[in-house]
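If you want our numbering, it's the position in the sequence shown, counting the first as 1, plus 10.
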Amino acid sequence: MPDDDPIRIVREDILADHYYTLKNITYAQRRLDGKVQQQSREVYDCASGASVLLYNRARRTVVLTRQFRPGARLNGHDGFLLEAAAGVLDGADPAERARAEALEETGYAIGTPQPAMSLFVSPGSITERNHLFVAEYDPDNRPGAGGGQAEEGEDIDVVEMDFDDALALVDNGGIIDAKTVLLLLHLERKVLGRHGEAS
């Protein structure tokens, strides 16, 4: 392996290739003590995505979606999560994808979304990187009803709520989607503050 790279991918075996690709990755790693070890790990090769949390400064509201997530159901939750609008990039620019997903899922047309952060979701086993944005929405600029694309199986409930109520749901476990929690905390820290605090 090259001196400047402690990792060498030895082989990739495809285990399943349905919605996304599940691979078994074998790699050699030069440890900090100089010894080389070989490891095998299953990695879900997921598409990266963009998420956008809509907020209204004057009304101190946010727009979330509620939809079913099978992974949450399999881990003891009912599976219906409150989330920011989100979707896979499919080759699009992350900001453009965020705008498109906002319209498709919530019905609101937004301007240029503001970047918040770009994060790996669970890098030990998933390749997905999520680009997170916030964007101000105008309640009067809603050309659609939202709800997602029925032909893709989406059945999305659009939920407008008070920002401080959303923060309270983070505090009490009512909002547990990681990207959405991070975006709400970003709004609190950088844009809106808590109720009664200067932003």
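No residue lacks a Cβ here, since even glycine has one placed at the ideal position from N, Cα and C.
Quick check: residue i and residue j, are their CB atoms within less than 9 Å of each other?
| i | j | result |
| --- | --- | --- |
| residue 92 | residue 185 | yes |
| residue 129 | residue 142 | yes |
| residue 54 | residue 135 | yes |
| residue 59 | residue 98 | yes |
| residue 123 | residue 102 | no |
| residue 64 | residue 31 | no |
| residue 171 | residue 72 | yes |
Rounded to whole angstroms, what's the CA-CA distance from residue i to residue j? Just pull it up for me.
| i | j | result |
| --- | --- | --- |
| residue 96 | residue 43 | 42 Å |
| residue 85 | residue 78 | 13 Å |
| residue 81 | residue 164 | 16 Å |
| residue 125 | residue 76 | 23 Å |
| residue 24 | residue 119 | 40 Å |
| residue 27 | residue 191 | 31 Å |
| residue 145 | residue 201 | 11 Å |
| residue 139 | residue 131 | 6 Å |
| residue 88 | residue 183 | 13 Å |
| residue 199 | residue 193 | 10 Å |
| residue 48 | residue 137 | 20 Å |
| residue 209 | residue 66 | Summary for residue 209: the model assigns pLDDT 47, below 50, so the residue's position carries little reliability; its value from the coordinates is reported in the next sentence. Looking at the two C-alpha atoms, the distance is approximately 14 Å. |
| residue 178 | residue 22 | 44 Å |
| residue 147 | residue 160 | 24 Å |
| residue 41 | residue 20 | 16 Å |
| residue 57 | residue 105 | 16 Å |
| residue 176 | residue 33 | 37 Å |
Would you mind working out which of the options sits nearest residue i, comparing C-alpha positions?
| i | options | result |
| --- | --- | --- |
| residue 154 | 161, 144, 162 and 168 | 168 |
| residue 188 | 56, 48 and 127 | 127 |
| residue 174 | 26, 24, 69 and 41 | 69 |
| residue 15 | 33, 193 and 39 | 39 |
| residue 45 | 28, 17, 62 and 67 | 17 |
| residue 90 | 166, 151 and 73 | 166 |
In this structure, does DSSP put residue i in helix, strand or coil?
| i | result |
| --- | --- |
| residue 151 | coil |
| residue 81 | helix |
| residue 197 | helix |
| residue 11 | At residue 11 the pLDDT is 45, less than 50, meaning the model places this residue with poor confidence; the figure from the coordinates comes in the next sentence. It is coil, neither helix nor strand. |
| residue 146 | strand |
| residue 139 | strand |
| residue 125 | strand |
| residue 70 | coil |
| residue 55 | strand |
| residue 92 | strand |
| residue 118 | coil |
Give me the DSSP bridge partner(s) of residue i.
| i | result |
| --- | --- |
| residue 236 | The requested residue 236 is not part of the displayed model; the chain covers only 11 to 209. |
| residue 217 | Any answer about residue 217 is impossible in this case: the structure gives the chain only from 11 up to 209. |
| residue 37 | 19 and 49 |
| residue 24 | 33 |
| residue 169 | 74 |
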